[in-house]
């Protein structure tokens, strides 16, 4: 029997009856040269391959059991959150009694209990706590995150880890995301395919209400809610009490203030639920969409690990609001990507633009979105966010015109405090 | 539906369901909680579908499966465990699924659907919807025929998976949707302002305003004025060509008092709204719907939806041709403006929307009276037709996105070689998946699903002279490789898709894929639709 050689004490005859059908023989679209098949593929996923899952939330709770049932045995999971009651409508590894527990730990326990012989190693904390050596131990990394910043960080870290002389340093990154009935999954081969940073401009711009609207001319219920949370809360509570959007009493306070303001301006539609939605930036989420995207992510991991079939090249989005619709395409690598491109970006700015304005522009621009950038030429620091001594030394430059500090055509290196990336700009003035 | 304004922190149930209530609201949730689902086959795919419906709180489900759990079943199904081996599969899966949500009623029937169809098919009529995974084709055809035999019987979703490939089909006589969550832009009537709006817009003398007021005039008024001035200068025509539209935007820009007036920028960006905004073609097509035009017309037994639709048709057609509109929506987008001007223009729209709703309701009541000329009140009359004030609100508010969906009986395409052939030439890779599944289905009992045997079935299906291309070869090759594999990942993917469709069907919100086979290829990682 073919599986005998990789049988462990936890196995039972027939355990992998289903998965073995794709591992025992190639199909018409399997790339024959790459298909190792049979025992080699089984041994690899069942006793050698280490997979990291980032996020044990809506997607993570689906990714983990899918990996375990597909035959992966050494799974690690990172998540910094604890379980909230609003997770229970979809994060099916958690029960009422788990509310308040770390997600990574509860999820790992549950999967190990249900799928014998699988080890899930949890880490309750931030991905930024871990270094390159940690990430180097995995063969595949799957992200089920709701944070853009965390995705940018892991993406940039994995691209930065690629060492041309060491093929093992290239870690396939599979990324999933969902919102309501929509979702997407993609396969990123760092430095080879387009990376997460290459596609930043595909993200919807978050709704930001101008402060003058909130303060002076509210029109929507959302404006009243923002007023209550952004202006009224700090005014009343000062630094003494920070707004905790997970505290229902805080939401109730905001709701009352926002309702009063709405009544004053004859604006209708402030509700408790809207208040909570606006201040927490709540994205609707359901089990079914997470199931689709998580399954797609694990399916790609399985194909990459075994070559049972070619993997996704490289982006699939699906929309379930009007019938069943999906779109699969190859997102192209960007030469000027600050993470994987390295090409210099030509940027023409107004001659009168100050350094501070340039910093705001870089934070805002859809293709760049670098918050808190530091700027330097090969010879001088224009503005450095850190360390404090350099920050103080360069702070006077903020008010100066860029054109007075940097001659046209000079290359300016932009780095970010929170992300391991580097963007080179060549400035010209108009 | 009329909203209950919630003033305090939500109750425990609302907190748990918060992230889905933001998609389908309390009305969708209550529909879900009233639904009764029958799932045939306690497979990995079936439990995956069920998981996604138990979590959001479906009312009841029954799993029907006559088999006992095998070691193979435990390997790919998260809702079976080692100790389940040898026990009733339906009972075990139901037990483990029930842990996900205490408020869901569950039942397990260790019975064979073929026996039920033979002895007591009416048992199935207790359900809202039936989902069947990998049933033999003969049985599925019987089930589909039974459920098709009466319009009041439940909808059916037929699901098939094999390795990386899958397909499903939603059989449903008729599905009407009021709240389709359409993203179509609703008309603001800038092209055809109602009297109060026109009066307000023309009463503003832009040149006499101070700078602050000028920069807060809502773009709606600006566009109405700009369009009138343009007409006066251009022979009573509106900007049509690209150049004219550019010139019109420039014209708006020149109305500015200061360069940075954002309300005028907004007017320029919204300039397309001065052109006539016709009634969406989808809605005009609905006016010709067979349900409205059946001999004898609508009766007391017709669905409330069609009484409302007939009233809408009459409401629209009674208007002057060329100026016909749907009832006005009271929902305005945000507008660059100050609070007072915004609330003022919003009030104009709300008043007008109320008036038009009143006119629509009058048409509706008049029509219903012809069917039921009793002496009761209008409210009692509407109620006797199953129409509440909330339904009228909903119908009017969503009238631009009304939808009627109908499928054919399951399997019709496989009896239509011409349709299959057209589909194969128009959508080769999608149709190939369907043909491969049909070929697997139609293998005589005891025949091995080899490539050659499957190809013989394809020939039988398409005709001797049909050319079997690469796409079909690829799909039958995959099926021959994995004829009985219910992969955890394919089960998860298809389970998610099918649950989404079930939710849309049950809540009557958004648009389910009624009509057409959904095919899934997890090698290429795509989905598609075959007729």
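Residue numbers (full-length UniProt numbering), protein chains in the order written: chain E, 1 to 430; chain R, 1 to 531. Glycine residues also receive a C-beta, built at the ideal position from the N, C-alpha and C atoms.
What's the call for residue i, buried or exposed, on a 16-neighbour Cβ count within 10 Å?
i	result
residue 19(R)	buried
residue 3(E)	Residue confidence for residue 3(E) is low, a pLDDT of 42 falling below 50, so the modelled location carries little weight and cannot support an answer.
residue 136(R)	exposed
residue 214(R)	buried
residue 88(E)	buried
residue 189(R)	buried
residue 389(E)	exposed
residue 322(R)	exposed
residue 351(E)	exposed
residue 329(E)	exposed
residue 51(R)	buried
residue 317(R)	exposed
residue 10(E)	exposed
residue 20(E)	buried
residue 335(E)	exposed
Name the chain E residues whose beta carbon is nearer than 7 Å to that of residue i?
i	result
residue 13(R)	What residue 13(R) touches in chain E: nothing, since even the nearest Cβ is about 10 Å away.
residue 27(R)	Simply none; closest approach about 15 Å.
residue 524(R)	328
In the DSSP assignment, what are the bridge partners of residue i?
i	result
residue 117(E)	In the DSSP output, where bridge partners are listed per residue, residue 117(E) has none listed.
residue 156(E)	According to DSSP, residue 156(E) bridges with nothing at all.
residue 401(E)	354(E)
residue 173(E)	141(E), 188(E)
residue 348(E)	428(E)
residue 169(R)	158(R), 517(R)
residue 108(R)	63(R)
residue 509(R)	179(R)
residue 166(E)	163(E)
residue 411(E)	426(E)
residue 88(R)	68(R)
residue 528(R)	519(R)
residue 129(R)	37(R), 155(R)
residue 107(E)	Residue 107(E) pairs with nothing; no bridge assigned.
residue 122(E)	77(E)
Under 9 Å between beta-carbons, which chain R residues line up against residue i? List them in chain order, please.
i	result
residue 204(E)	Chain R residues near residue 204(E): none, gap ~13 Å exceeds 9 Å.
residue 281(E)	Those within 9 Å of residue 281(E) in chain R number zero; the least Cβ separation is about 12 Å.
List, in order along the chain, the chain E residues whose C-beta lies closer than 9 Å to that of residue i?
i	result
residue 511(R)	321, 322, 323
residue 56(R)	89, 90, 286, 287, 288
residue 407(R)	Within 9 Å Cβ-Cβ: nothing; residue 407(R) doesn't reach chain E, min ~12 Å.
residue 585(R)	The question about residue 585(R) has no answer, for chain R in this structure spans 1 to 531.
How close, in whole Å, do the beta carbons of residue i and residue j come, if the pair is a contact with beta carbons under 8 Å?
i	j	result
residue 433(E)	residue 117(E)	This structure does not reach residue 433(E), given that chain E is present from 1 up to 430, and the question cannot be answered.
residue 214(E)	residue 236(E)	No, residue 214(E) and residue 236(E) are not in contact; Cβ-Cβ is about 16 Å, not under 8 Å.
residue 305(E)	residue 49(E)	5 Å
residue 272(E)	residue 10(R)	7 Å
residue 156(R)	residue 410(R)	7 Å
residue 292(E)	residue 317(E)	About 11 Å; that fails the 8 Å criterion.
Residues of chain E with CB closer than 8 Å to the CB of residue i, please, in chain order.
i	result
residue 437(R)	By Cβ distance, chain E contributes nothing, its closest Cβ being about 15 Å from residue 437(R), past 8 Å.
residue 478(R)	27, 28, 29
Using CA atoms only, rank isn't needed, just tell me which of the options is closest to residue i.
i	options	result
residue 463(R)	479(R), 439(R), 449(R)	439(R)
residue 58(R)	287(R), 129(R), 388(R)	129(R)
residue 275(R)	303(R), 191(R), 260(R), 291(R)	191(R)
residue 281(R)	324(R), 68(R), 205(R)	324(R)
residue 340(E)	212(E), 190(E), 264(E)	190(E)
residue 119(R)	61(R), 105(R), 146(R)	146(R)
residue 268(R)	255(R), 279(R), 66(R)	255(R)
residue 473(R)	492(R), 505(R), 451(R), 245(R)	451(R)
residue 349(R)	234(R), 198(R), 45(R)	198(R)
residue 445(R)	138(R), 30(R), 465(R), 61(R)	138(R)
Going along chain R in order, which residues have a C-beta closer than 7 Å to the C-beta of residue i?
i	result
residue 307(E)	What residue 307(E) touches in chain R: nothing, since even the nearest Cβ is about 12 Å away.
residue 292(E)	493, 496, 497
residue 17(E)	72, 75
residue 277(E)	22
Taking Cβ-Cβ distances shorter than 8 Å, what residues in chain R pair up with residue i?
i	result
residue 32(E)	Residues of chain R passing the Cβ test: none, with the nearest at roughly 13 Å.
residue 265(E)	339, 343
residue 150(E)	In chain order: nothing, as chain R lies at least about 20 Å away.
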